[in-house]
Amino acid sequence: MAMPKVSIVLVNWNNFEDSEECLKSLKKVTYPNYEVLLVDNASEGNDVELFKLRFGDSIRLIENDKNYGFAKGCNIGMTDALSRGADYVVLLNNDTVVPPDFLDTLVSTAQSDHKIGIAGGKVYCYEYPEMIWFAGGIIDYQTGKTPIRGSGETDHGQYDEITEVDWICGCFMFITRDLLQSIGMFDERFFFGWEDADLCVRTSKSDYKIFYVPTSKVWHKGWFGDAKRKRLKGRPLYYATRGSFIFREKHFTKQQRQTAWLHFIVHFPKFVWDYSRILDHRKSPIYIVWAIFDFLKMKIRGEFTAKE
90 MAMPKVSIVL VNWNNFEDSE ECLKSLKKVT YPNYEVLLVD NASEGNDVEL FKLRFGDSIR
150 LIENDKNYGF AKGCNIGMTD ALSRGADYVV LLNNDTVVPP DFLDTLVSTA QSDHKIGIAG
210 GKVYCYEYPE MIWFAGGIID YQTGKTPIRG SGETDHGQYD EITEVDWICG CFMFITRDLL
270 QSIGMFDERF FFGWEDADLC VRTSKSDYKI FYVPTSKVWH KGWFGDAKRK RLKGRPLYYA
330 TRGSFIFREK HFTKQQRQTA WLHFIVHFPK FVWDYSRILD HRKSPIYIVW AIFDFLKMKI
390 RGEFTAKE
């Protein structure tokens, strides 16, 4: 019997070294019918030339004319994948490393229930290989937060059951063709951050299921130190903050938005202090306030149809 086609989509922007390690691990994947699409978001150096030189025809390379962000970069890759017959798309951050069998149980789980629209596996910390980064996400409609199960815990098998969850992290997201054709792709207004939770809420509203599949594993970089600061400070902090408000505006009721805003205002000093300390970046408050004002401008311009 023919195996479903899986297209693995990575987005690269000025980060050849991590992308190279990820691509090398993908070369060893044992699933028989997969391809790798790498979308380069107009990297400033010689990343594209190096990808062509070192990986050649083993990857499909898409060169963007500018940095479109993570959400649109993924959409460009997914659109290309679907146009060439992909049954499933896997979004994979370029700073991850995968074992050879990471696709097998995802495909078999998706095939067992055609109402599954999104799935994801257990994500470990690259720097601490036994520490869990992500084991499924929860959406708290009172605070506006999206807690992660198992984050920072040493893996002792406590999250080893296949479980239906609220959201799956975009660093490792398995999506069915049927879902993408039914509800569309990422909302590109997010640019970077929260597009994954948004897609999952839209998935649930469309009566598709979202599953965490722990037997599928990847290792993700950027848990601590300079790597974490590089991943989050500056513009990423801006987009993450703005994205959280876009997400609430789209999916929370009026009462839920009011409660989440109150929670944010009460905890705002701690929020600013925590990010300034963790990122060791004195400009963190500027990016946070900038994000809030830009969201409010979007709201005033009527860019949302808020849920009542």
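Throughout, our numbering is defined as the position within the sequence shown, counted from one, plus 89. Ideal Cβ positions, reconstructed from N, Cα and C, are used throughout, including at glycine.
Residues in its own chain within less than 7 angstroms of residue i by CB, not counting five upstream and five downstream?
{"i": "Lys306", "result": "Pro188, Phe191, Gly210, Lys211 and Tyr213"}
{"i": "Glu133", "result": "Asn103"}
{"i": "Arg337", "result": "Gly233, Arg346 and Ala349"}
Considering only C-alpha positions, which residue in the set the options is nearest to residue i?
{"i": "Arg173", "options": "Arg143, Asp129, Gly134 and Arg266", "result": "Arg266"}
{"i": "Met220", "options": "Lys234, Asp255, Tyr230 and Trp308", "result": "Trp308"}
{"i": "Ala329", "options": "Asp193, Ile354, Ala286 and Gln200", "result": "Ala286"}
{"i": "Asp169", "options": "Phe336, Ile151 and Gly226", "result": "Ile151"}
{"i": "Arg324", "options": "Val378, Phe300, Val290 and Leu351", "result": "Val378"}
{"i": "Val128", "options": "Tyr217, Ser96, Pro121 and Tyr230", "result": "Ser96"}
{"i": "Pro218", "options": "Trp312, Phe357, Glu106 and Gln247", "result": "Trp312"}
{"i": "Ser114", "options": "Ser201, Phe144 and Lys94", "result": "Phe144"}
{"i": "Arg346", "options": "Lys234, Glu284 and Lys386", "result": "Lys234"}
{"i": "Ser108", "options": "Tyr123, Ala91, Lys141 and Thr119", "result": "Lys141"}
{"i": "Ala160", "options": "Cys289, Gly241, Gly282 and Ser365", "result": "Gly282"}
Compare the beta carbon distance of residue i and residue j with 7 angstroms and say whether it is the shorter of the two.
{"i": "Leu181", "j": "Leu126", "result": "no"}
{"i": "Phe334", "j": "Phe384", "result": "yes"}
{"i": "Gly332", "j": "Phe279", "result": "yes"}
{"i": "Val179", "j": "Phe263", "result": "yes"}
{"i": "His340", "j": "Thr232", "result": "no"}
{"i": "Thr194", "j": "Thr292", "result": "no"}
{"i": "Tyr177", "j": "Pro93", "result": "yes"}
{"i": "Tyr248", "j": "Leu326", "result": "no"}
Excluding five sequence neighbours on each side, which residues of the same chain lie with their C-beta closer than 8 angstroms to the C-beta of residue i?
{"i": "Asn130", "result": "Val100, Asn101, Trp102, Asn153, Lys155, Asn156, Tyr157, Gly158 and Gly162"}
{"i": "Lys204", "result": "Asp296, Tyr297 and Lys298"}
Return the Cβ separation of residue i and residue j in integer angstroms, given the expectation that the two are a contact with Cβ distance under 8 angstroms.
{"i": "Met274", "j": "Asn183", "result": "No, Met274 and Asn183 are not in contact; Cβ-Cβ is about 19 angstroms, not under 8 angstroms."}
{"i": "Phe300", "j": "Glu253", "result": "6 angstroms"}
{"i": "Pro374", "j": "Val361", "result": "5 angstroms"}
{"i": "Gly226", "j": "Ile237", "result": "6 angstroms"}
Looking only at its chain, what residues have a beta carbon closer than 6 angstroms to the beta carbon of residue i, apart from the 5 residues adjacent to it on each side?
{"i": "Thr185", "result": "Cys111, Val307 and His309"}
{"i": "Glu397", "result": "Caution applies to Glu397, whose pLDDT of 49 falls short of 50 and renders its modelled position unreliable; the model cannot decide the point."}
{"i": "Phe105", "result": "Asp136 and Leu139"}
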